[in-house]
Amino acid sequence: MNAFRFLGDMTHLFSVLVLLLKIYATKTCSGVSRKTQELYLLVFVARYLDLFTDYISLYNSVMKIVFITSSAAIVWYMRRHPQVRRTYDKEQDTFRHSVLVAATFVLALIFNDRFTFREICWAFSIYLEAVAILPQLVLLQRCRNVDNLTGQYVFFLGAYRAFYILNWIYRYFTEGHHSRWIPWIAGLVQTGLYADFFYYYFLSWKNNVKLELPA
Amino acid sequence: PAADSVKDEL
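If you want it as structure tokens, here you go:
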């Protein structure tokens, strides 16, 4: 465990908890893409299949349980909670995320470490995570006014994968050259998708104005 | 096994 990876896990955990807290405290989910949250739940379920089979460490198991339960809680709030679900921007959140699921699954069938159920699910979860933010970014551009908690949520989510890329660089030089091109390419794509968001987020922070994404 | 080194990540 190196500092980059730990920082990455903490910013990832923080982003999910910020979102869950925002929804729990304000009982609204306007500006939040339910489709992105559903994709993240699928990412965690597909990746953490080994939760009950392989014990890596207490930290690893606890974090997996926290990620799965918190993203399930967010989806539950947005689908079932009577007060929250009313504030969901159903008409705005129109990204066809089923296309993302199908495309990344096909990609995982072609590009994987080993053609086994576990490995295909793992590669699927890595590819899907790289594009899962798309419905949320589209929704932010439509909603224009990004409330700062949602803005912070997306920011931390982008920062987490950026830390993971530093972690992979660190591990590359310290632990030798394992085949990790799958997370490498997906991680770069994922962080790249945030690039313009980071740019506007930084501008809004620098000029101390509300975050406005160009249409 | 070394091959699974990446799989110890979240």
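Protein sequence lines, in the order shown, are assigned to chains E and R. Quick note on this note's numbering: the first sequence kicks off at 1 and runs consecutively. Quick note on this note's numbering: the second sequence kicks off at 1 and runs consecutively. Ideal placement from N, C-alpha and C gives every residue a C-beta, glycine not left out.
{"Query": "Assigned secondary structure, residue 127/E (DSSP; H/G/I helix, E/B strand, else coil)", "Result": "helix"}
{"Query": "Start-to-end residues for the alpha helix (DSSP H) that takes in residue 164/E", "Result": "148-175"}
{"Query": "Contact check, residue 30/E vs residue 93/E, beta carbons under 7 Å", "Result": "no"}
{"Query": "Closest Cα partner of residue 27/E within the set 121/E, 77/E and 165/E", "Result": "77/E"}
{"Query": "Residue 32/E to residue 39/E span [Cα, whole Å]", "Result": "13 Å"}
{"Query": "Beta-carbon proximity check, residue 213/E vs residue 200/E, cutoff 7 Å", "Result": "yes"}
{"Query": "Among 139/E, 175/E, 61/E and 168/E, the one whose alpha carbon lies nearest that of residue 186/E", "Result": "168/E"}
{"Query": "Amino acids of chain R, ordered along the chain, whose beta-carbon sits closer than 9 Å to that of residue 5/E", "Result": "9 and 10"}
{"Query": "Touch test, the segment 63-73 of chain E against the segment 95-106 of chain E, Cβ-Cβ under 8 Å, three pairs minimum", "Result": "no"}
{"Query": "Per DSSP, cross-strand counterpart(s) of residue 145/E", "Result": "212/E"}
{"Query": "Own chain residues within Cβ distance below 8 Å of residue 7/E, not counting five before or after", "Result": "163"}
{"Query": "Which listed residue (140/E, 141/E, 111/E and 135/E) has its alpha carbon closest to that of residue 127/E", "Result": "111/E"}
{"Query": "Closest by C-alpha distance to residue 65/E, when choosing among 75/E, 144/E, 49/E and 24/E", "Result": "49/E"}
{"Query": "Sequence-distant residues of its chain with Cβ nearer than 6 Å to residue 183/E (five each side left out)", "Result": "126"}
{"Query": "Local Cβ density within 10 Å of residue 58/E, reported as buried at 16 or more and exposed below that", "Result": "exposed"}
{"Query": "Proximity test, Cβ basis, 7 Å: residue 63/E and chain R", "Result": "yes"}
{"Query": "Proximity below 7 Å, CB of residue 8/R to CB of residue 56/E", "Result": "yes"}
{"Query": "Nearest neighbour of residue 197/E, chosen from 171/E, 188/E and 138/E [CA to CA]", "Result": "138/E"}
{"Query": "Within 8 Å of chain R by C-beta, residues of the segment 101-127 of chain E in sequence order", "Result": "113 and 122"}
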